[in-house]
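When you read off a place in the sequence shown, starting at 1, and then add 837, the result is the number in the working numbering. Encoded as structure tokens, the structure appears first; notes follow it.
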Amino acid sequence: PMRPIAWLGSFLEQRKSALKFRIRRDVLAAGLASLEGEGHQQPKEPMIVATSDSVGIISGSTGVSIDPGTVADELLKRASSGELPIVVQARAVKRMPRVSDAEARVAAAELASKTAKPLAVKAGTQLVSFQPPTVRSWLGSKVGPHGLQLTVDTKKVNADLKAAITQTVQTRNASFQVEGPTVSVVPSQQGTRCCAADSAARLLRAIRAGTGRAEVALETRVPRFTTEAAMKLGIKEPVGTTTVWKGIPQIKSFTTYHPGGAPRVTNIHLIADMVRGSVIRPGQTFSLDARVGKRTAAKGYVVAPEISNGVDVQGVGGGVSQFSTTLFNAAFFAGLDIVEYQAHSLYLDRYPYGREATLGWPLPDQKIKNDTPYAVLIWTSYTPTSITVTLYSTQYAYGEQTGQTKRSVGACTGVTTQRTRHYPDGHTKIDTFRAVYRPREGVKCG
838 PMRPIAWLGS FLEQRKSALK FRIRRDVLAA GLASLEGEGH QQPKEPMIVA TSDSVGIISG
898 STGVSIDPGT VADELLKRAS SGELPIVVQA RAVKRMPRVS DAEARVAAAE LASKTAKPLA
958 VKAGTQLVSF QPPTVRSWLG SKVGPHGLQL TVDTKKVNAD LKAAITQTVQ TRNASFQVEG
1018 PTVSVVPSQQ GTRCCAADSA ARLLRAIRAG TGRAEVALET RVPRFTTEAA MKLGIKEPVG
1078 TTTVWKGIPQ IKSFTTYHPG GAPRVTNIHL IADMVRGSVI RPGQTFSLDA RVGKRTAAKG
1138 YVVAPEISNG VDVQGVGGGV SQFSTTLFNA AFFAGLDIVE YQAHSLYLDR YPYGREATLG
1198 WPLPDQKIKN DTPYAVLIWT SYTPTSITVT LYSTQYAYGE QTGQTKRSVG ACTGVTTQRT
1258 RHYPDGHTKI DTFRAVYRPR EGVKCG
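The structure is reproduced here in structure tokens:
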């Protein structure tokens, strides 16, 4: 009955307790190694190495270090006695390798026998053979829990495999092919090449087994854009509406016309080839400049007339604005967001009045945002005297020109073109596009 009272009373008592010490062996070993400096020598284990015609060893060697056991005992004794400063007597001891040279020679002799003949390696349908000197050049060793263990140089193994095994299948992304109004998916293709990440481990097992043969897997390379992903994009038909330009119906596509044979035609065709097949996913913005880059002679563009600051000049890539304008009109009637554009400073009758877009580097650019639920495929085609852009998707919205006004801007004419976009649920949205035209070359607006 008195125990609770005694327990409570113990909080008011003062009592003495003897200190108890223990040694952290890992900290002690690390501290001693740092104090030993150059006098500390770890034992070196023997190593298996390739010789000119066989497999040999590099002998191990004895190490020297302070005996941590003696130091630990001394530390505990001095700490318990309370003697200060604490001074301990340490002694150096020899450290023998965990594996003897004799054991290493036995392992090397066994390995020499197992690698005396070529190693046949199969990868896919290709069979190659590695001669003993090559196989032995891969070999090394380390000491593990169970003694000397054989290792291979993974980098060298992989390099030799890739040099010998040439069987590859190129990875191919899915793409689209257009024939008239029909668009189809060109299937993706999974690629293969030498060799899978575990190839070195497989060869090591084969060498240990001494079978003289091994099989490695080819590395599989998955296309970034698969057939399944392409099928889900909803790219299946031309989109837009019908309008008339130059007296010719433009049916869910847009075509502009130009004289044939001029240097600018080369540039028009080249940029059309570079843009053909571009896909704008839902919510993405397509930049024409980002897609084709700077127009340079190295890319095949030639010198042709272009307009710069209201003046006709010659420049590499002149004429690409004809393509830009054609793309602009295809997007206009497909009801897409045209978030960045700039009209020419001089009106050219080969373009729709007030409804066109020039192109420069790095500006002006043309940017189109896909605000529909489906991806949009840009497809281009041309003849010697025309360029056509057709947008393929799932029909969603379409645009039509529903107004155009002019105003004076100093000596120039400002043009505002109104577009009405029609959506599947019946609602409409109106936006406008602006251009400012100089009356002639070199005239400033004000």
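Note that beta-carbon positions come from the ideal geometry of N, C-alpha and C, so glycine has one too. Given the structure is predicted, the values throughout are model-derived calculations rather than measurements.
Alpha carbon to alpha carbon, what distance is there between residue j and residue i?
i            : j            : result
residue 1192 : residue 1025 : 38 Å
residue 1052 : residue 1111 : 43 Å
residue 1115 : residue 1002 : 35 Å
residue 916  : residue 923  : 7 Å
residue 1279 : residue 1149 : 9 Å
residue 1048 : residue 954  : 10 Å
residue 869  : residue 905  : 8 Å
residue 1249 : residue 1282 : 5 Å
residue 1075 : residue 1186 : 27 Å
residue 842  : residue 920  : 40 Å
residue 1085 : residue 1137 : 32 Å
residue 1237 : residue 1096 : 28 Å
residue 941  : residue 935  : 11 Å
residue 1252 : residue 1229 : 30 Å
residue 857  : residue 914  : 11 Å
residue 1141 : residue 1082 : 25 Å
residue 902  : residue 944  : 29 Å
residue 963  : residue 982  : 38 Å
residue 1196 : residue 1056 : 44 Å
residue 853  : residue 861  : 25 Å
residue 1243 : residue 1151 : 30 Å
residue 1105 : residue 1038 : 55 Å
residue 1268 : residue 1030 : 52 Å
residue 873  : residue 883  : 24 Å
residue 849  : residue 840  : 15 Å
residue 918  : residue 863  : 24 Å
residue 846  : residue 838  : 14 Å
residue 1202 : residue 1256 : 21 Å
Is the beta carbon of residue i less than 8 Å from the beta carbon of residue j?
i            : j            : result
residue 1221 : residue 1102 : yes
residue 1157 : residue 1133 : no
residue 1211 : residue 1041 : no
residue 1004 : residue 960  : yes
residue 1109 : residue 1219 : yes
residue 1050 : residue 957  : yes
residue 907  : residue 880  : no
residue 998  : residue 966  : no
residue 1077 : residue 1171 : yes
residue 1062 : residue 1167 : no
residue 1059 : residue 1027 : yes
residue 1013 : residue 1072 : yes
residue 1216 : residue 1015 : yes
residue 1208 : residue 1183 : no
residue 1223 : residue 1093 : yes
residue 992  : residue 1123 : no
residue 1164 : residue 1200 : no
residue 1044 : residue 978  : no
residue 1020 : residue 1117 : no
residue 1241 : residue 1254 : yes
residue 1206 : residue 1176 : yes
residue 984  : residue 938  : no
residue 930  : residue 911  : no
residue 1235 : residue 1259 : yes
residue 1023 : residue 1011 : yes
residue 1127 : residue 1162 : no
residue 887  : residue 976  : yes
residue 1143 : residue 1130 : no
residue 1233 : residue 1276 : no
Determine which residues share a DSSP beta bridge with residue i and list them.
i            : result
residue 1095 : Partner(s): none; residue 1095 has no beta bridge.
residue 1013 : 1022
residue 1241 : 1254
residue 1124 : 1204
residue 978  : 987
residue 793  : This structure does not reach residue 793, given that the chain is present from 838 up to 1283, and the question cannot be answered.
residue 954  : None, per the DSSP bridge assignment.
residue 1271 : 1253
residue 885  : 894
Below 8 Å, how does it come out for the region 1269-1278 and the region 1181-1196: are there three or more Cβ pairs, yes or no? yes
Take every Cβ of the region 971-983, pair it with every Cβ of the region 1062-1078, and state whether three or more of those distances are shorter than 8 Å. no
Three or more C-beta pairs closer than 8 Å, one from the region 933-952 and one from the region 884-898: is that the case here? yes
Whole alpha helix (DSSP H) elements within the region 1024-1060, 4-residue minimum: 1036-1046
What runs of the alpha helix (DSSP H), each 4 residues or longer, lie entirely inside the region 891-922? 905-918
Continuous alpha helix (DSSP H) assignments of at least 4 residues falling wholly in the region 1066-1121: 1100-1112
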